[in-house]
Every structure is written in structure tokens, then in C-alpha cells.
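Reviewing the structure listed below.
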Amino acid sequence: MALPVWAYPVAPPAPRGAAPAPDTSVKHLPGTTVTFTLDQTHNLFSVPDWFPDAHPPLPSIVSQGDKAAGVAACGYCHLPNGQGRPENESVAGLPAGYIVQQMADFKNGLRKSSEPKMPSVAGMVRIGKAASDEDVKAAAAYFSSLRLKPWIRVIETQRVPVTFIKGGMLIVKEGGATEPIGQRVIEVSEDLERTELRDPTSGFIAYVPKGSLKRGADLVMTGASGTTLKCTICHGAELKGLGNVPSISGRSPSQMARQIIDIKNGVRNGPGAQLMKEAVSKLTAEDIVAITGYLASRNP
Numbered sequence: 178m179a180l181p182v183w184a185y186p187v188a189p190p191a192p193r194g195a196a197p198a199p200d201t202s203v204k205h206l207p208g209t210t211v212t213f214t215l216d217q218t219h220n221l222f223s224v225p226d227w228f229p230d231a232h233p234p235l236p237s238i239v240s241q242g243d244k245a246a247g248v249a250a251c252g253y254c255h256l257p258n259g260q261g262r263p264e265n266e267s268v269a270g271l272p273a274g275y276i277v278q279q280m281a282d283f284k285n286g287l288r289k290s291s292e293p294k295m296p297s298v299a300g301m302v303r304i305g306k307a308a309s310d311e312d313v314k315a316a317a318a319y320f321s322s323l324r325l326k327p328w329i330r331v332i333e334t335q336r337v338p339v340t341f342i343k344g345g346m347l348i349v350k351e352g353g354a355t356e357p358i359g360q361r362v363i364e365v366s367e368d369l370e371r372t373e374l375r376d377p378t379s380g381f382i383a384y385v386p387k388g389s390l391k392r393g394a395d396l397v398m399t400g401a402s403g404t405t406l407k408c409t410i411c412h413g414a415e416l417k418g419l420g421n422v423p424s425i426s427g428r429s430p431s432q433m434a435r436q437i438i439d440i441k442n443g444v445r446n447g448p449g450a451q452l453m454k455e456a457v458s459k460l461t462a463e464d465i466v467a468i469t470g471y472l473a474s475r476n477p
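Here the sequence shown is numbered in the numbering used here, starting from 178 and rising by one per residue.
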């Protein structure tokens with residue numbers, strides 16, 4: 178299957194030129210008195226925690242990482258509340274055992290990306306090899322204790338804003354131009370400025386083609402006459418997980434599409450992935466759009 182750019186957004190190399198003048202101004206977000214400079218929000222080893230009272234105490238590996246080992250703070254990419262962003266993964270509420278297994282799969286070469294240039298997966302492979310077992314368990318216990326909150330607003334439409342790729346995400350171009358959606362999911366920030374400041378309370382919009390949610394519900398809940406297996410068999414009646422099987426309701430469609438495609442392409446081969454191979458083997462690009470759009474639209 179050809180890789181859809183909307184699910185694997187890899188930016189072209191940045192043009193060479195003079196670096197912009199540093200922005201030293203103090204940044205603010207609504208609902209908090211905490212402030213950071215832009216540089217502070219870009220520190221991989223010190224999480225910009227805008228709402229420190231909104232979650233349990235952060236383990237050191239989540240808040241600071243392990244700089245000596247080259248392990249970035251987990252909360253930097255996944256955010257202190259585990260909500261994540263389209264270029265990585267929402268980990269809030271995932272079973273601790275599942276998280277530990279995924280880290281082992283990264284470490285042992287069993288979980289890769291269909292797009293080798295996808296920086297988030299390449300980063301997780303490096304972290305998986307460098308992180309200690311104790312830190313992995315601490316991060317897993319922390320994120321599994323959180324509850325995933327509504328984060329994705331799904332809109333069925335025929336036309337979408339024109340976007341470009343930056344930082345592993347789709348960014349809406351200025352000017353208001355639109356284009357046909359085709360068979361894509363276009364996932365963009367509700368508020369780009371807040372997203373770039375790593376605001377853990379500002380979510381995303383996912384535009385999906387007209388009719389996707391009905392088609393996705395049929396595929397997810399019934400298997401659509403042999404196209405796939407009912408997701409409820411393993412992920413539970415409400416698709417919120419069973420045991421070490423993860424919840425899939427209300428999570429990023431970009432993230433979920435990559436997982437389906439990576440399993441289908443044979444680059445994700447951990448124990449859990451083996452159980453998914455039959456379910457994804459017959460899925461078309463249109464099926465994946467419908468399934469991930471529908472799942473994202475559900476209450477987490």
C-alpha cells in the first residue's frame with residue numbers, strides 16, 4: 178500500500194538561510210499563571226508543564242528524561258497529560274503492560290515505521306534502546322493512570338483547508354484556500370499557536386470525507402461482511418480496551434492509520450501486532466480513512 182502523506186507527513190529539508198532572531202518574550206496561555214519563553218518550550222529535557230496541578234506528580238523520566246542516556250522527557254512529545262499530538266501518540270490511559278511491551282518492541286527491532294524518515298518513530302527506536310527498564314516502568318505506570326480526554330473534533334466535509342507539512346504535522350496555510358478532501362483525513366490544530374507552545378488543553382480537528390463515519394461504524398462494529406474483524410472482539414464493546422489490549426476510541430486518526438498500515442506492511446511485528454494482521458490484511462486506503470475517522474469521533 179502506498180503511504181498516504183496525511184498519515185506520514187515528512188517535511189522536506191528546511192532551506193538554508195540565516196536563523197531567525199531569538200524570541201525571548203514570555204508566553205502565556207489561558208487558564209494558567211505559569212509562563213515560559215519560547216526556548217523553554219523547546220527543551221526536550223525539561224517539560225513545559227503549563228498546568229502542574231492538573232495531573233499527578235511527574236516521574237523524573239516524564240518531566241526531565243535522562244540527558245546522559247540521550248532519552249528525552251516522555252512528557253515533552255506526549256505532553257504531561259498524555260494526550261499526545263498527531264505526529265506521535267496519545268498514551269493517556271493505555272495499559273501499563275501494553276506501554277512496556279511497545280518499548281520492548283522498539284528496543285528489539287519489532288516496531289518500526291513504514292516511512293523510515295518519520296522522525297517520531299525513529300526517535301522512539303533510539304529511546305527504546307537507551308531507556309532503562311525502571312524508567313520505562315515508571316513512565317508506563319504514570320501514563321496508564323491518566324484518563325484520555327476528548328481531544329479530536331471530527332468534521333465530515335467535501336473540502337478542507339490547504340495544508341503544508343511542518344514538524345511532522347499538517348499546518349493550515351494562511352489565506353483561507355481550500356481543496357477537495359479526496360480519500361484523506363486532514364488533522365490540524367484547533368489553535369496552532371497554542372499547539373506550538375505545547376498547550377496540553379488545546380486539541381485538534383480531523384476533517385474526513387462525507388459518509389466516512391457511517392462506513393467506519395460498519396467496518397468497526399460489524400466487520401462489514403468479511404472485510405475485517407469486528408474491533409470490539411479484542412478492544413471491548415465500547416472500544417476502550419480489555420486487559421493489555423489498548424483503547425482505540427477518541428484517539429488521533431493519523432496515529433491509528435499509521436499503526437494499521439505498519440502492521441499491514443509487516444514493519445510492526447510485536448506480540449500484539451500479530452493478532453491484528455488478519456484484521457488489517459484486506460483493508461483499502463478508503464477503509465482506513467473511514468475506520469480511523471470513526472474511531473476518532475467516539476468519546477474516549
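Heads up, the beta-carbon is just placed ideally off N, CA and C, and yes, glycines get one too. Since the model is a prediction, treat every value here as computed from it, not as a measurement.
Indicate the three-state DSSP secondary structure (helix, strand or coil) for residue i in the structure shown.
i: D368; result: coil
i: A383; result: strand
i: L215; result: coil
i: R435; result: helix
i: K204; result: strand
i: R445; result: strand
i: V310; result: For the sequence presented, residue 310 should be read as Asp rather than Val. Of the three classes helix, strand and coil, the one that applies to D310 here is helix, per DSSP.
i: D230; result: helix
i: S237; result: helix
i: V274; result: The question names Val, but residue 274 in the sequence shown is Gly. Note: G274 maps to helix in three-state DSSP.
Based on DSSP bridge pairs, tell me the residues matched to residue i.
i: L419; result: V422
i: Y319; result: For Y319, which the question treats as bridged, DSSP gives no partner whatsoever.
i: D243; result: V248
i: V349; result: T340
i: R288; result: R445
i: I363; result: Y384
State the Cα-Cα distance for the pair residue i and residue j, rounded to the nearest angstrom.
i: A246; j: I238; result: 11 Å
i: D243; j: H255; result: 16 Å
i: W227; j: V349; result: 25 Å
i: V302; j: G403; result: 35 Å
i: G261; j: R428; result: 9 Å
i: F222; j: G252; result: 9 Å
i: L323; j: G194; result: 43 Å
i: G359; j: P386; result: 7 Å
i: N446; j: L369; result: 35 Å
i: P192; j: V365; result: 23 Å
i: Y275; j: K326; result: 19 Å
i: A250; j: A316; result: 10 Å
i: I440; j: V422; result: 15 Å
i: G305; j: Q335; result: 40 Å
i: Q278; j: V313; result: 10 Å
i: D216; j: S458; result: 44 Å
i: E455; j: C408; result: 12 Å
i: A383; j: S297; result: 20 Å
Answer yes or no: does any C-beta atom of chain B fall closer than 8 Å to that of residue i?
i: E455; result: Of the protein chains in the structure, only one exists, and it is not chain B.
Ends of the beta strand (DSSP E) at residue i?
i: K173; result: In the structure displayed, the chain extends from 178 to 477; residue 173 sits before or after that span and is not available.
i: R330; result: 329 to 334
i: V302; result: Run containing V302: none in the beta strand (DSSP E); it sits in the alpha helix (DSSP H), 296 to 307.
Taking 7 Å as the cut-off, is the beta-carbon of residue i closer than that to any non-hydrogen atom of the ligand GTP?
i: T340; result: No copy of the ligand GTP appears in this structure; indeed no ligand is present at all.
Within the continuous alpha helix (DSSP H) that includes residue i, where are the two ends?
i: M178; result: That residue, M178, is in no alpha helix (DSSP H); it is neither H nor E in DSSP.
i: E120; result: Outside the displayed span of the chain (178 to 477) sits residue 120, for which this structure offers no information.
i: E356; result: Looking at the DSSP string, E356 is not in any alpha helix (DSSP H); the run it does join, the beta strand (DSSP E), is 355 to 357.
i: A394; result: 389 to 399
i: C411; result: 409 to 412
Would you check if the stretch 257 to 271 and the stretch 428 to 438 touch, i.e. whether three or more CB-CB distances between them fall below 8 Å? yes
Could you say if the stretch 278 to 294 and the stretch 194 to 211 meet the contact criterion of at least three C-beta pairs nearer than 8 Å? no
Cβ pair count under 8 Å reaching 3, the stretch 388 to 407 against the stretch 469 to 477: yes
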